[in-house]
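Protein sequence lines, in the order shown, are assigned to chains A and F.
First residue of the first sequence? That's -8 in the working numbering, and the numbers climb one at a time after it.
First residue of the second sequence? That's 1240 in the working numbering, and the numbers climb one at a time after it.
Backbone N, C-alpha and C define an ideal beta-carbon position, used for all residues, glycine too.
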Amino acid sequence: MKLHQIWLTDFRSHADLSLTFSEGLTAVIGPNGSGKTNLLEAIGVLSRLRSFRGVSNDRLLRREQPRAIVRAQGERDGRDVLIELELSSGRSTVFVNKQRLPRNRDLLGALRVTVFAPDDLSLLKDGPSVRREYLDDLLIALDTRNDAVIADYARVVKQRNTLLKQAKGRLDDAAELTLDVYDTQLSALGERLTYLREHVLSALMPRVANAYTMLAGTECSVVASYRRSWEGDGMLEAVQEARAQDLARSTTSMGPHRDEVSLRIDEFDSRTEASQGEQRTLALALRFAGHELVTEHVKEPPLLLLDDVLSELDEARATALLTNLPVGQTLITSATELPASVRPDAIVRFPIINLTTLDTEPDQVVEVLTDG
Amino acid sequence: MSTYARPLEVLIDELGRLPGIGPKSAQRIAFHLLNVDRVDVSRLSEALIDVKDKVSFCERCFNVAEGPLCEICNDPSRDHDVICVVEEPKDIAALERTGAFRGRYHVLMGAINPLEGIGPEQLKVKELATRIASEDIEEIIICTNPNLEGETTAAYIARMLKSFDMIKVTRLASGLPVGGDLDYADELTLGRALEGRSAL
Ligand SMILES: Nc1ncnc2c1ncn2[C@@H]1O[C@H](COP(=O)(O)OP(=O)(O)O)[C@@H](O)[C@H]1O
Ligand SMILES: [Mg+2]
Ligand SMILES: [Zn+2]
Chain A
-8 MKLHQIWLTD FRSHADLSLT FSEGLTAVIG PNGSGKTNLL EAIGVLSRLR
42 SFRGVSNDRL LRREQPRAIV RAQGERDGRD VLIELELSSG RSTVFVNKQR
92 LPRNRDLLGA LRVTVFAPDD LSLLKDGPSV RREYLDDLLI ALDTRNDAVI
142 ADYARVVKQR NTLLKQAKGR LDDAAELTLD VYDTQLSALG ERLTYLREHV
192 LSALMPRVAN AYTMLAGTEC SVVASYRRSW EGDGMLEAVQ EARAQDLARS
242 TTSMGPHRDE VSLRIDEFDS RTEASQGEQR TLALALRFAG HELVTEHVKE
292 PPLLLLDDVL SELDEARATA LLTNLPVGQT LITSATELPA SVRPDAIVRF
342 PIINLTTLDT EPDQVVEVLT DG
Chain F
1240 MSTYARPLEV LIDELGRLPG IGPKSAQRIA FHLLNVDRVD VSRLSEALID
1290 VKDKVSFCER CFNVAEGPLC EICNDPSRDH DVICVVEEPK DIAALERTGA
1340 FRGRYHVLMG AINPLEGIGP EQLKVKELAT RIASEDIEEI IICTNPNLEG
1390 ETTAAYIARM LKSFDMIKVT RLASGLPVGG DLDYADELTL GRALEGRSAL
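What follows is the structure in structure tokens.
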């Protein structure tokens, strides 16, 4: 959907913010600490129901405040859409056009975003979970039904681990039969998730290689391998074989939650052997390729959120990125003025000091939202 | 933080212990009760006591009942050879509204959920096995919720019933919203799901 306007109430540093977007490129310019990333994070939460900074709701509430509200007005298939998200500690409530959604995850797919952020470098430097999450986010953006596979799989792992802990190394008949059921569910969902990830990775890699070459300005080979934690034709067999070990350690050792994606640039391991500059370029190429892939598969290109990317890139790479991105609606933040080659349709300057709303009562909508 | 008169505090505490009612709602309800007429409050308090005194769970199927057996177990026109297994008594109400089912029920009183400390022993699973051994049952339809815990419970029961090889075990057909509650599904969907059930 196209975003027209967003309102934040007590989200991070924003007590009360209202912002209008242009159809094309909107630039948000302001000094460090003025709340630019916080704004993008709020849009990210609208899209994925969780922060791209990987924190829980608590951290998103403005200090000392019990709840935060993110409201967005937009347009989808020519129709007006109002999304309202109320966040409190450990809970999120979603309203679309004033109707409460029975399940929050029905919101997924309403607003797709691609985020480029300075800490994307962690995509290559950190452990395997960030790369699994990167693939899973792409799977959800491509088809929201994949969220059910990902969420159910994570839940089976959690339930199975809890059962293993409760068993304390010994299974009675009921626990053994329950574990049999979990093994079957784990394997069915796990095989499906493995298949989806391998599939999306192979669709992605040619694009990653192209994007890398385009950004680096030289021809390079970039290859990825998906390494399963289990071997053989069926996952169930591997899970059953690992049962004694799992029972002893109270944890689930086989399955896509333990898989790894490794990437190599010209034969060198991107995590341990590549330079910081190469890692940065590859992280950018991964985001770029993901954005391209999703844009090809869905009707509307995702909203692009470019957070402070200019500070991280030299002029040549910045220009290559900004001129080659398949552009729909875009939001870019920067602490400095944009280079002359970038011409935004609208510029917002932070901090916004909203004198009229200081010392006033919370408005009506806020009252209605908290009443549920 | 004793800001209110003692009886009011007690009431707020008690209300706050009910499921789905947080401290704020508890406070709102308590002040509401403080404002309404005495007769209205005494009607509410009588209803609370009445439900405890007069309603219990059916000895056979664990549906709510006014006597030892529930209305459905007492109804001679219901089919005896088919049992629909549900998680909660409220699911029976949802299935009854479809009018598509003429058999009897068995309420598990929950679903397998280790994270909440619920295993098969905490559910009325053994009681189901006992019923199958003693009643003349030909088919078990498992109507647990179409979410992960419901699926786990359905698969568990299906495996457990493998030893009774005379019995047909079926699962409510899909078409129900995944990740949902049974009593949230509309009657038409539920009725169709019941007709299109599949063997487990
Ligand atoms: N939960 C919160 N409540 C209030 N202020 C917060 C909260 N979280 C972060 N901040 C403040 O937000 C500011 C950082 O905002 P950020 O969006 O990262 O700035 P930038 O414009 O540099 O991207 C810091 O001053 C920080 O103290
Ligand atoms: Mg920032
Ligand atoms: Zn009964």
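Start-to-end residues for the alpha helix (DSSP H) that takes in residue i
{"i": "D1289/F", "result": "R1277 to K1293"}
{"i": "D237/A", "result": "R234 to R240"}
{"i": "F1270/F", "result": "P1262 to N1274"}
{"i": "L31/A", "result": "K27 to R39"}
{"i": "K149/A", "result": "N137 to A158"}
{"i": "P1258/F", "result": "Per DSSP, P1258/F belongs to no alpha helix (DSSP H) and is neither H nor E."}
{"i": "M1399/F", "result": "L1387 to M1399"}
{"i": "C1312/F", "result": "E1310 to N1313"}
{"i": "F279/A", "result": "Q267 to H288"}
{"i": "T327/A", "result": "Unbroken run through T327/A: none, as it is neither H nor E."}
{"i": "A1372/F", "result": "V1364 to S1373"}
{"i": "L99/A", "result": "L99/A -> no alpha helix (DSSP H), and no H or E assigned at all."}
{"i": "R308/A", "result": "E306 to N315"}
{"i": "L115/A", "result": "S113 to K116"}
Environment of residue i [buried if 16+ CB atoms lie within 10 Å]
{"i": "R271/A", "result": "buried"}
{"i": "R161/A", "result": "exposed"}
{"i": "Q320/A", "result": "buried"}
{"i": "I141/A", "result": "buried"}
{"i": "K1263/F", "result": "exposed"}
{"i": "I(-3)/A", "result": "buried"}
{"i": "S325/A", "result": "buried"}
{"i": "D257/A", "result": "exposed"}
{"i": "T11/A", "result": "exposed"}
{"i": "A1269/F", "result": "buried"}
{"i": "E1434/F", "result": "exposed"}
{"i": "N23/A", "result": "exposed"}
{"i": "S38/A", "result": "buried"}
{"i": "R1277/F", "result": "exposed"}
Beta-carbon spacing of residue i, residue j below 8 Å
{"i": "T17/A", "j": "P335/A", "result": "yes"}
{"i": "R219/A", "j": "D260/A", "result": "no"}
{"i": "Y203/A", "j": "L115/A", "result": "no"}
{"i": "R52/A", "j": "R44/A", "result": "Here the sequence assigns Leu to residue 52/A, which means Arg is not the residue at that position. No, these two residues do not count as a Cβ contact at 8 Å."}
{"i": "I343/A", "j": "L8/A", "result": "yes"}
{"i": "L168/A", "j": "L154/A", "result": "no"}
{"i": "L177/A", "j": "R151/A", "result": "yes"}
{"i": "Y217/A", "j": "E189/A", "result": "yes"}
{"i": "L40/A", "j": "R3/A", "result": "no"}
{"i": "E1378/F", "j": "I1406/F", "result": "yes"}
{"i": "L102/A", "j": "V85/A", "result": "no"}
{"i": "V1324/F", "j": "T1242/F", "result": "no"}
{"i": "V1321/F", "j": "G1338/F", "result": "no"}
{"i": "K(-7)/A", "j": "G65/A", "result": "yes"}
{"i": "I1380/F", "j": "R1436/F", "result": "yes"}
{"i": "M1348/F", "j": "K1363/F", "result": "yes"}
{"i": "V339/A", "j": "L277/A", "result": "no"}
{"i": "L301/A", "j": "A309/A", "result": "yes"}
{"i": "L296/A", "j": "V46/A", "result": "no"}
{"i": "E1305/F", "j": "V1294/F", "result": "yes"}
Residue(s) in a DSSP beta bridge with residue i
{"i": "I1381/F", "result": "V1324/F and R1410/F"}
{"i": "D260/A", "result": "R255/A"}
{"i": "T321/A", "result": "L16/A and L295/A"}
{"i": "F107/A", "result": "L297/A"}
{"i": "I60/A", "result": "T0/A and E77/A"}
{"i": "L52/A", "result": "F2/A"}
{"i": "I1357/F", "result": "N1352/F"}
{"i": "D71/A", "result": "E66/A"}
{"i": "S1437/F", "result": "R1410/F"}
{"i": "F1296/F", "result": "V1303/F"}
{"i": "Q231/A", "result": "DSSP output for Q231/A lists no bridge partner at all."}
{"i": "R249/A", "result": "Its beta-bridge partners do not exist; DSSP assigns none."}
Boundaries (first-last residue) of the beta strand (DSSP E) holding residue i
{"i": "R122/A", "result": "No beta strand (DSSP E) holds R122/A; the alpha helix (DSSP H) holding it covers P119 to L133."}
{"i": "Y186/A", "result": "From DSSP, Y186/A is part of no beta strand (DSSP E) but of the alpha helix (DSSP H) over D164 to A207."}
{"i": "I338/A", "result": "A337 to R340"}
{"i": "Y1344/F", "result": "R1343 to V1346"}
{"i": "S212/A", "result": "First-last for S212/A: undefined, no H or E at that position."}
{"i": "V87/A", "result": "R82 to V87"}
| said: Using only Cβ atoms and a threshold of 5 Å, which residues come within that distance of a heavy atom of ligand 3? Order them by chain position. | reply: Qualifying residues come out as C1297/F, R1299/F, C1300/F, N1302/F, C1309/F and C1312/F.
| What residues sit near ligand 1, counting only those whose C-beta is closer than 5 Å to one of its heavy atoms, in chain order? | Counting only residues whose CB is nearer than 5 Å to a non-hydrogen atom of ligand 1, the list in chain order is R3/A, S4/A, N23/A, G24/A, S25/A, G26/A, K27/A, T28/A, N29/A, R53/A and R54/A.
| request: Quick one: which residues of the segment 142 to 162 of chain A get their C-beta closer than 7 Å to a C-beta of chain D? List them in chain order. | output: The structure shown contains no chain D; its protein chains are A and F.
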